[in-house]
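Q:
Numbering (our numbering), first residue to last: 17 to 795.
1. Below 8 Å between beta carbons: does that hold for residue 607 and residue 525?
2. Across the segment 309 to 328 and the segment 168 to 188, are there enough close Cβ pairs to call them in contact, namely three or more that are closer than 8 Å?
3. Find the nearest neighbour of residue 337 within the set 354, 366, 318 and 319, judged by alpha-carbon distance.
4. Would you report the Cα separation of residue 554 and residue 740, rounded to the nearest angstrom?
5. Using three-state DSSP, classify residue 57 as helix, strand or coil.
6. Taking the CB atoms as reference points, tell me whether residue 105 and residue 165 lie closer together than 8 Å.
7. Any idea what DSSP makes of residue 41, helix, strand or coil?
8. So what does residue 165 bridge to, in DSSP terms?
9. Work out the CA separation of residue 419 and residue 319 for me, nearest whole Å.
10. Need the endpoints of the beta strand (DSSP E) that residue 184 sits in, please.
11. DSSP on residue 540, reduced to helix/strand/coil?
12. Suppose the cutoff is 7 Å on Cβ atoms and the five residues either side in sequence are ignored; what does the same chain contact list for residue 149 look like?
13. Report the option in 748, 307 and 175 whose CA atom is closest to the CA atom of residue 134.
14. Taking residue 607 as part of the beta strand (DSSP E), name the residues at either end of that continuous run.
15. Three-state secondary structure (DSSP) at residue 678?
16. Quick one: using the 10 Å Cβ neighbour count with 16 as the cut-off for buried, is residue 361 buried or exposed?
17. In angstroms with no decimal places, state the Cα-to-Cα distance between residue 88 and residue 153.
18. Which partner residues does residue 598 have in the DSSP bridge list?
19. For a quick check, are the C-beta atoms of residue 591 and residue 667 less than 8 Å apart?
20. Can you give me the C-alpha to C-alpha distance between residue 192 and residue 216, rounded to a whole angstrom?
21. To the nearest angstrom, how far is the alpha carbon of residue 574 from that of residue 536?
22. Quick one: give me the first and last residue of the alpha helix (DSSP H) that residue 205 is part of.
23. Would you check if the distance between the CB atom of residue 595 and the CB atom of residue 540 is smaller than 8 Å?
24. So if DSSP puts residue 754 in a beta bridge, which residue, or which two residues, is it bridged to?
25. Identify the continuous beta strand (DSSP E) that holds residue 73 and give its terminal residues.
26. Is residue 588 helix, strand or coil by DSSP?
27. Kindly confirm or deny that the segment 612 to 627 and the segment 663 to 682 touch, where touching means at least three C-beta pairs closer than 8 Å.
28. Select from 159, 140, 156 and 125 the residue whose C-alpha is nearest the C-alpha of residue 146.
29. Classify residue 107 as helix, strand or coil using the three-state DSSP reduction.
30. Can you name, in chain order, every residue of its own chain whose Cβ lies under 7 Å from the Cβ of residue 143, other than the five neighbours on each side?
31. Short of 6 Å in beta carbon distance, which residues of its chain neighbour residue 359, apart from the five on each side in sequence? Order them along the chain.
32. Measuring CB to CB, does residue 658 end up less than 8 Å from residue 675?
33. With DSSP run on the structure shown, which of helix, strand or coil describes residue 263?
34. Suppose you measure from the CA of residue 241 to the CA of residue 289; what does that come to, to the nearest Å?
35. So, is residue 438 buried or exposed, given that buried needs 16 or more other C-beta atoms within 10 angstroms?
36. Taking the alpha carbon of residue 213 as the point to measure from, which residue in 245, 123 and 79 has its own alpha carbon closest?
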């Protein structure tokens, strides 16, 4: 009976201790004085699932469906229920005892702590924890929610915990002696931060190396590993403790957002590193998964976080089941570093799969969540991939250097070949230069010999033919034939000398002020004789508005126009030759337009294309004298004076040659009195300039030289000839002064009359008493 009474009293005492706290099962009471510094509470507590998450603490204590806790009950994954945990503690020692109650996971969103005293229906103490609350609201700062429990000697209490949120509910309740917990937390931080710091160091190295080498693979891998290290910091509670201590949505969403970024970057790196984008099937699989994770990322950051957590694990499981298969497929295709990548990611893949299964509650183990086990595979991956990428970069650099060496050698060979070619060409150019200099020297000697041995004898033939023409009868006819033939030969020789002298050389243009009327009258005077000799009609049409005085090289202009007029007269028989001069005033400079138009046979388009080339003659010109140099010389001097020659012709319709020549104009006050346009054109030698019987006339050969210069229109050369005559033969000073004055005025007609009369009145030369000096100019 006494034994029965004793058991009744024990049960009564137990009932009194649970009074007001609801039905309480016979659970183990934890004695603070008897437990170790660390005590795992998974099987020492009771748990209650609040499916509506609506119970208050007192209602939860009075609920009737409390059940013994087990590890499976404390890892429910993502759920909208609230979980209540209950624990009875007491202190049977004679000293005050303090223990810290923790739940193990730093990722719980809401955690509420309540303490009930025996027999008291209301809680006597409460505290809060979880990521949704600020760190300064927690009773003790730490990586996880810590609730201190202090019991006096003989004191007991009932501890109640409420856990809820939109994240995965994983709980590992423990009791800690404070100093033991702090020591263990310090060791844990060191073990976790060491590999994370190593990973971040490797990331920094890869980032710098990738930027320096412009390596896409290194940059992508560095971004992936950096996000992985940041995810581990958030997963282990460091983000909340040191950066997001204010709690709320940023702290709650950070882990899920970073996990999505890690998976997206992993997919992007794998897609490019293994060249999976070259395989159509794998490309679409990875693109679909990347897009799906981008949607999930947006939900995690801004949308329904509960649904994002529900969808995250199945989506990640699908990817991490496909991921190694794609790596093996690339390895089979012998993609560079695919085997190394598979080995490096194998341990990481195993840890990630275990973590996902554990977080969903499908695996009752906390192995992958302990200490730094999850970050170590990341460090191994980083080191192995750095090694692989550096080896690949070294191989590529070695190949590049070999290619550069081959290219440099080929360039050196090419340079040596070019240098040999340059030396050969230089030697050829030197030989050609020497040959050209010799040819130039030979041409100079030829010109000198032609000028000395041909020009002077032909000039004498012209001079000696003049007296024969004055005898009459058959000798006069012979004299005319001799004079015409010799004059033609003299023109050919002059053309050859002129072409040879300016071919390949820089020609000098000497512009001088010339009286326009005097210059054109002299040209018309000489052209008329050329045209009438062929039985043609000559029409001279100067425009009335021509400038009175122009600045031009009169000698070269006369040579151009005489060549054109001679060419027109030569190919026209019984027709008409027109010589027309017009002024074309422009905004900057005035041009004179000299038009020579004939009614000859004309030319075809193919003949017009080569008409100005030297030594080129048309087939129709076979019966006409000449070498084909007249038009070439005319175009040369026209272009040297800044003008141009335009040819127009049709077969059977004659030919028109236009010389467009820019000239300088002079004000009236600047025109010399001898060149004034209002003075009449002299028809005879001016008074005082005639070759009178008292005037000493030079020898016939000297007069022949003057006649040649007059025929060429070389007025300035006539002035030099007169100065040389006056210096070498002072007895002819009067005659030389007359020639110089007429040449200065540009009076070609007067010069022709003066030389004719001098030749008629001159002394008999040593060559024969019947020869008269001077070379006839056709009047």
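Even for Gly, the Cβ is constructed at its ideal location relative to N, Cα and C.
A: Taking the geometry as given:
1. Taking the first residue of the chain shown as position 1, residue 607 is located at position 591. Taking the first residue of the chain shown as position 1, residue 525 is located at position 509. For the pair residue 607 and residue 525, the CB atoms are not nearer than the 8 Å cut-off.
2. The segment 309 to 328 makes contact with the segment 168 to 188; the number of CB pairs closer than 8 Å reaches 3 or more.
3. The residue given as residue 337 occupies position 321 in the chain shown. Selected option, being the one with the closest Cα: 366.
4. Locating residue 554 in the chain shown gives position 538, where the first residue counts as 1. Locating residue 740 in the chain shown gives position 724, where the first residue counts as 1. If you take the alpha carbons of residue 554 and residue 740, they lie about 38 Å apart.
5. On the chain shown, position 41 is the one that residue 57 refers to. Here DSSP, grouped into helix, strand and coil, assigns residue 57 to coil.
6. If you number the chain shown from 1, residue 105 lands on position 89. If you number the chain shown from 1, residue 165 lands on position 149. Contact flag set, yes.
7. In the chain shown, the residue the question calls residue 41 occupies position 25. At residue 41, the pLDDT of 41 sits below 50, so the modelled position is not reliable and the matter cannot be decided from this model.
8. Within the chain shown, residue 165 is the residue found at index 149, counting from 1. Partner(s): 115.
9. Position 303 of the chain shown, counted from the start, is the residue given in the question as residue 319. Position 403 of the chain shown, counted from the start, is the residue given in the question as residue 419. Inter-residue distance for residue 319 and residue 419 is about 54 Å (C-alpha atoms, whole angstroms).
10. Within the chain shown, the letter at position 168 stands for residue 184. 184 to 186 is the extent of the beta strand (DSSP E) around residue 184.
11. Locating residue 540 in the chain shown gives position 524, counting from the first residue. Helix, per DSSP.
12. Residue numbering aside, residue 149 sits at position 133 when the chain shown is read from its first letter. Same-chain partners within the cutoff: 263.
13. The count along the chain shown starts at 1 and reaches residue 134 at position 118. Distances from the CA of residue 134 to each of 748, 307 and 175 were compared; the closest alpha carbon is that of 175.
14. Taking the chain shown and counting its residues from 1, one reaches residue 607 at position 591. That run of the beta strand (DSSP E) goes 606 to 614.
15. Counting from one through the chain shown, the residue named residue 678 turns up at place 662. Strand, per DSSP.
16. Mapped onto the chain shown, residue 361 falls at position 345. By the 10 Å Cβ count, residue 361 comes out buried.
17. Translated into positions along the chain shown, residue 88 becomes position 72. Translated into positions along the chain shown, residue 153 becomes position 137. Going from the Cα of residue 88 to the Cα of residue 153 covers about 30 Å.
18. The residue given as residue 598 occupies position 582 in the chain shown. Residue 598 pairs with 609.
19. For the purposes of this step, residue 591 is identified with residue 575 of the chain shown, where counting begins at 1. For the purposes of this step, residue 667 is identified with residue 651 of the chain shown, where counting begins at 1. No, the pair does not count as a contact, with Cβ atoms beyond the cut-off.
20. Taking the first residue of the chain shown as position 1, residue 192 is located at position 176. Taking the first residue of the chain shown as position 1, residue 216 is located at position 200. Straight-line measurement puts the Cα of residue 216 at about 32 Å from the Cα of residue 192.
21. Sequence index remark: in the chain shown, residue 574 carries index 558 (1-based). Sequence index remark: in the chain shown, residue 536 carries index 520 (1-based). About 9 Å.
22. If you number the chain shown from 1, residue 205 lands on position 189. Per DSSP, residue 205 belongs to the alpha helix (DSSP H) from 194 to 229.
23. As a first step, residue 595 must be located in the chain shown, where it is residue number 579. As a first step, residue 540 must be located in the chain shown, where it is residue number 524. Going by C-beta atoms, residue 595 is nearer than 8 Å to residue 540.
24. Here the question's residue 754 lines up with position 738 in the chain shown. Looking at the DSSP output, residue 754 bridges to nothing.
25. Locating residue 73 in the chain shown gives position 57, counting from the first residue. From DSSP, residue 73 is part of no beta strand (DSSP E) but of the alpha helix (DSSP H) over 73 to 78.
26. Within the chain shown, the letter at position 572 stands for residue 588. Here residue 588 sits in coil by DSSP.
27. Contact between the segment 612 to 627 and the segment 663 to 682 is present, because at least three Cβ pairs lie under 8 Å.
28. Looking up residue 146 in the chain shown gives position 130. Nearest neighbour of residue 146 by Cα position, chosen from 159, 140, 156 and 125, turns out to be 125.
29. Walking along the chain shown from the start, residue 107 turns up at place 91. Residue 107: coil per DSSP, three-state reduction.
30. Position 127 of the chain shown, counting from 1, holds the residue named residue 143. Around residue 143: 129, 155 and 163.
31. Working through the chain shown from its first residue, we reach residue 359 at position 343. For residue 359, where only same-chain residues beyond five positions count, there are no Cβ hits under 6 Å.
32. For this step, residue 658 is matched to residue 642 along the chain shown. For this step, residue 675 is matched to residue 659 along the chain shown. Taking 8 Å as the Cβ cut-off, residue 658 and residue 675 do not qualify as a contacting pair.
33. Your numbering for residue 263 matches position 247 in the chain shown. Shown here, residue 263 sits in coil according to DSSP, grouped into three states, outside any helix or strand.
34. By one-based count along the chain shown, residue 241 stands at place 225. By one-based count along the chain shown, residue 289 stands at place 273. One C-alpha to the other measures close to 14 Å.
35. On the chain shown, position 422 is the one that residue 438 refers to. Residue 438 is exposed by the Cβ-count criterion.
36. Position 197 of the chain shown holds residue 213. The shortest C-alpha separation from residue 213 is found at 245.
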